[in-house]
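Undergrad:
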Amino acid sequence: MTQTQFLLLLIAIIPFINCLIIKLCAESPKLVDISSKLLPILFLANLIGLYGNLNRDNSYLVIAEATRGVALGFDVDVLALGCLFLLTFFWIIFVFYSQRFFQISGAKNATNIKSFFAIIIAFLNLIIISKNLLSVLFFYNCLIILCHFFATKFLYKKQNSFTHFFTFLLYLESILLFLAIVATYKFTGKIDFVAEGIISDSLNDVQYSIILTLYLGGLFMAIFIPSYLLYRNLINLDPIIIYILFFLAYGLSTLYIFIKILAFTFGFKSFALMGENFLQIIEWILLVNILATSIFLLFSKGLKSSFFYLFFQQFLFALFSIFIFAIYDKSAVCLALFSFLLSITLIFLTTSNFILYLSKSEHKWLGGLFYNLKITSVLFIFAIFNLIGLAPGIGAVEKFYLIKILFQKELIVPGIIFGINFISLLLFAWKVIYPLFLDDPKSDPEISAEEIKSAGEIAKAIDFDSALILSALIVAVTIFLGLILFPLLTNLI
Amino acid sequence: MGVVSSIYLIIFLPLVASLFCQIFVKKSLSFWIAFISCIATFFLALKVFPDVLIYEKISNDFELSPLSIALEFRLDLLGMIFLLLLTFLKIVILFFYRTDIERVLDDKSIRIFYSVFLLHLFSLVGIFTTNNLLNLFLFFEIYAFSFFATVSISRDSELLKLSFRYFCLNATSSLLILFCFFAIYLTFGEINFDKIAENLPLVAKTYSWFLASIFILLTIAFVIKFFPFWLYFEKLKSTNLIANFLAIDALFIKTTVGIFLTLKFIYFFFGNHLLFVNFNFAPILIFLSILLIFYSAIKLYQQKHLKIISAYFCLNNLGFIFACIALQTIESLQALFFYLLNFTLVNLLIFIFATFLKRYFATSSINKIWIIRKNHFLLILPIKLLIFFIAAFPMTMLFFGNWYLAYASFNFGFELFLLVAIVVSSFVHTSLAIKLISSFFAKHDNDQIEEMPLLGIKKYQFYLISFWFLIITIYVAAFSSGLINNLSLRFASYLLSNTI
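Residue numbers (the working numbering), protein chains in the order written: chain A, 541 to 1033; chain B, 6 to 505.
(1) According to DSSP, is B/D105 helix, strand or coil?
(2) I need the straight-line Cα distance from A/E823 to A/I763, nearest angstrom please.
(3) State buried or exposed for B/G506, treating a residue as buried only when at least 16 other CB atoms are found within 10 Å of its CB.
(4) Using Cβ-Cβ distances below 9 angstroms, what residues of the stretch 386 to 406 of chain B are close to chain A?
(5) Please state if the CB of A/S793 and the CB of A/Y711 are separated by a distance shorter than 8 angstroms.
(6) Of all the CB atoms in chain B, is at least one closer than 8 angstroms to the CB of A/I715?
(7) For B/F48 and B/L88, I'd like the C-alpha separation in whole angstroms.
(8) Just list the alpha helix (DSSP H) runs in the stretch 921 to 953 of chain A, keeping only unbroken ones of 4 residues or longer that don't cross its boundaries, in chain order.
(9) Counting pairs of Cβ atoms below 8 angstroms between the stretch 354 to 363 of chain B and the stretch 309 to 318 of chain B, do you hit three or more?
(10) Please confirm whether B/K324 has its beta-carbon closer than 8 angstroms to some beta-carbon of chain A.
(11) So, with DSSP's three-state summary, where would you put B/T334?
(12) Are three or more beta carbon pairs between the stretch 577 to 597 of chain A and the stretch 541 to 551 of chain A nearer than 8 angstroms?
(13) For B/H310, which three-state DSSP category applies?
(14) Who are the Cβ neighbours of A/L827 in its own chain at under 8 angstroms, not counting the five residues just before and after it?
(15) Closest by CA to B/V121, which one among B/K95, B/T155, B/A149, B/I395?
(16) In whole angstroms, what separates the C-alpha of B/L320 from that of B/S301?
(17) Cα separation between B/I330 and A/Q853?
(18) Against chain B, does A/I801 count as a neighbour if the rule is that its beta carbon must be under 8 angstroms from one of theirs?
(19) Using a Cβ cut-off of 8 angstroms (strictly closer), state whether B/V481 contacts chain A.
(20) Going by DSSP, what residues sit across from B/R79 in a beta bridge?
(21) Here's the rule: buried if 16 or more other CB atoms are within 10 angstroms of the residue's CB, otherwise exposed. What is B/F133?
(22) Please list, in chain order, all residues of the same chain as A/I862 whose beta carbon is under 6 angstroms from its beta carbon, the five residues on each side excluded.
(23) With C-beta atoms as the reference, is A/C682 less than 8 angstroms away from A/A789?
(24) Straight-line CA distance for B/F234 to B/L268?
(25) Does the beta-carbon distance from A/I782 to A/F847 come in below 8 angstroms?
(26) I'd like to check one pair, A/Y897 with A/I1002: are the Cβ atoms closer than 8 angstroms?
(27) Kindly indicate which three-state DSSP category A/V602 falls into: helix, strand or coil?
(28) Taking a cut of 8 angstroms between CB atoms, which residues from the stretch 409 to 441 of chain B lie near chain A?
(29) Can you find a CB in chain B that lies within less than 8 angstroms of the CB of A/P731?
(30) Counting C-beta neighbours from all protein chains within 10 Å, is the total for B/E420 16 or more, i.e. buried, or is it exposed?
(31) Can you give me the C-alpha to C-alpha distance between B/F524 and B/L256, rounded to a whole angstrom?
(32) Using the beta-carbon of each residue, which ones in chain A are nearer than 8 angstroms to B/G263?
(33) For A/Y868, which residues of its own chain have a beta-carbon under 7 angstroms away from its beta-carbon, when the five flanking residues on both sides are left out?
(34) Using a threshold of 8 angstroms, state whether the C-beta atoms of B/I96 and B/C43 are closer than that.
(35) If you draw a straight line from the alpha carbon of A/K648 to that of A/S879, how long is it in whole angstroms?
(36) Go to B/V208, then tell me how far its alpha helix (DSSP H) extends in each direction, as first and last residue.
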């Protein structure tokens, strides 16, 4: 076993050690807390070691081989390494944030949610380091089963009906993904990820279309059939649930798999030739979906449901950006992914702070929240404007690249999609940011001095709490750094 | 011990052991005789297996008519795989029913039961190793006799009525088979499989319609004799020991024998040319298999009872197996191999688990699996571990079955409909896996759990052994997927290379 293989094995194992410690040492929370903080750092150290060893020796690790070319195994490339660093970042941020969050909120299922998060991280990690399509399918299926388990065990009954239906759609997706992989194997004889792709130019248009349709259906059918819009009265999930269940387990995994397939199965060169024809169909599907989600976002009531619809809208937009970049400018593909992931994470952290405050204080509405939660509000505004592309951050760079392509190539429907996203986000920003500044609660004569004092204490506990606000600040700084360091992301592919 | 003598031992050991079961009066001894002879048969078959892999077929023909009929055999890769599978199933079943048999039957019946059990095994070994039509017919009859002998132990009048219905059907099918074999003998002047197979291409064109008629009659006879699912569905939920035992026989043993005979007659008797070129049965077979898959998938989606679910899983697998036969490619036959493994191992585990639930907790509902929670966690763990196999996770048997079948079906023809069948079937499988997960982790009051019976270790030790025996085998097969895939390739190549 080479040094790189050994490091890769460690990287695969460490998140599972974390899961085991959480499960086995539930009685001693201190030990769990310490290990939860230490292990991501150890993981990061290994990752740095792996980065140093990359391309030096063989990193290809096979776990089980069924027949020639059909195996379960791990491998790492620059894209995978970049995503692993990002995953570690989210892991560390979430661990520090959630520990304090659960302390203040006194949530009943805190340990279960933490252990579920740890398992999700473990499987996401395995998806990222998968060496071929079969391994991706295996770990993705595990992730889906875990999501269902999560929905069954931790959510309330009324939330279950939606999450059950969603996981059913995910299962249907995984069957299509399976067929896509079989078709790839049938037409090319390979399922390993190879630089420049394995789908050769010898494939005819029909075969190419079949494979691409199956992959798109196999990864995104659950959002192309907008089932989440049908459960309007039920969607009141906590942002932390949305973050783990939809953002990490579904959003991050599918978008990463999609990019990996584009890069190492189709190859951007071949995709740029064929994808343009396909864009004419996919752009209409995305247009309808983004329009519908935008309407629901604008008419949503309450922060929780707003965050839910915002996530889906931005997920669809990220997919749209990746599709456009993959065809016209492959270097910006990772930019779209990282921008989406970082922006939604910041929105999640700030929204969670708001919801935590509202659940603890007497006030149950957004009015004047800025005066109590100044730092959180500023970060929230920054996150929203970053999504729009108006704040100095990674979002602005992504939108710049996108506008450049839209103008250069004179793409009309993608231009409309961009416009809808921009306008709906502006309106949403007005809808949620305006009430924050409405009036200072201190000036309201109906509110007693005691209420103001207790609200202020809660606000202080949240807004000046090192763990809660630092994690959000770090994400905001990272978004800002994206403005300067984006060339690093463009070199990932 | 040489290969030939080992094969003779495999054939005659169960028969001799069956006699011993009758001689010894002590009831526990009968079980151990049956158990040891099953284990010995299995390991002897394993010992011969490498030789069969090398030579593909080992036969012994004395070239003398009377001796030939009595002692000739032909053990090939096809027969070997089925022999290993069914002997393994027999061992699991033997363990599983041990507690019930000792509790329900008296001493005399126990001896009869084990004796007939071994006779049943003898007939199965005979069916897999014989090389002539007359012997085959003889073993069919011994097989049917042992089946009815087991029924006779039961005192359930309903079951006896059911068996009488099956007896009538079996008699009809035996007559049909006898008629067909006789017609074949008159045409070819031979009853030896190999020799008929050698002569068949010479007369195939002249007698094509005659052979097609024989094929249709034999198909009807085999369907009645080996796939009588409809007879046992109504009795599946029964808690009667013999009814359960017969249900396992009908669902798993009979059907596996039926699959073996289908393959044997298609590949070593009628031949590919006659069935798939001269008379193109492939579209009809694919259409029928798709019907079977869709029917079973719809039924599965509605079902809550694990026993019925297992039965429909069997039907579903059977549909795929027929589709694999119709496709006639290396990949489709590899898929057949995996569906067969899934059929005999995974479905059997679900079925025996359901039988256990029904017996001790008066339910086999998928929503009530949690009721075992109060008892030992090792009892429920095998089913939890089986979820990956039900949901067809990568590297499982069902996954490889679907993988190879999908590979074979990616052609622009009517095979494409099989892809739809795979999607529908996989969806139903995963939905059932989800139901199982929901059941395991459903929230229940402690009072509800307290109400459930607590079984002593003695009550469930043999069930536990059989569950774990099966799940370990299933996992070993999954972990040695490289080996199993190679074997499936050998199996498929052997069938296709021997196609007439």
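By construction, the Cβ of each residue, glycine as well, lies at the ideal position given by its N, Cα and C atoms.
TA: On the basis of the supplied data:
(1) helix
(2) Each residue's alpha carbon lies about 14 angstroms from the other.
(3) Here chain B covers residues 6 to 505 and nothing more, so residue 506 of chain B does not appear.
(4) I392, F393, A396, A397, F398, P399, M400, F404, F405
(5) no
(6) yes
(7) 11 angstroms
(8) 934 to 949
(9) yes
(10) Note that residue 324 of chain B corresponds to Gly in the displayed sequence, not to Lys. It does not: the Cβ of B/G324 has no partner Cβ on chain A nearer than 8 angstroms.
(11) coil
(12) Counting C-beta pairs closer than 8 angstroms gives three or more between the stretch 577 to 597 of chain A and the stretch 541 to 551 of chain A, which meets the contact rule.
(13) strand
(14) V953, I956, I957, I960
(15) B/T155
(16) 6 angstroms
(17) 48 angstroms
(18) no
(19) no
(20) B/S64
(21) Using a 10 angstroms sphere on the CB of B/F133, the tally of other CB atoms reaches 16 or more, which defines it as buried.
(22) V873, A876
(23) no
(24) 19 angstroms
(25) yes
(26) yes
(27) strand
(28) A411, Y412, F415, L424, I427, V428, S431, F432, T435, S436, A438, I439
(29) Looking at the sequence provided, one finds Ile at residue 731 of chain A rather than Pro. No - not a single Cβ of chain B is within 8 angstroms of the one on A/I731.
(30) buried
(31) The displayed coordinates of chain B run from 6 to 505. Any statement about residue 524 of chain B would go beyond what the structure contains.
(32) Correct list: empty, because the minimum Cβ distance to chain A is about 28 angstroms.
(33) I945, K949
(34) Taking 8 angstroms as the Cβ cut-off, B/I96 and B/C43 qualify as a contacting pair.
(35) 33 angstroms
(36) 198 to 208
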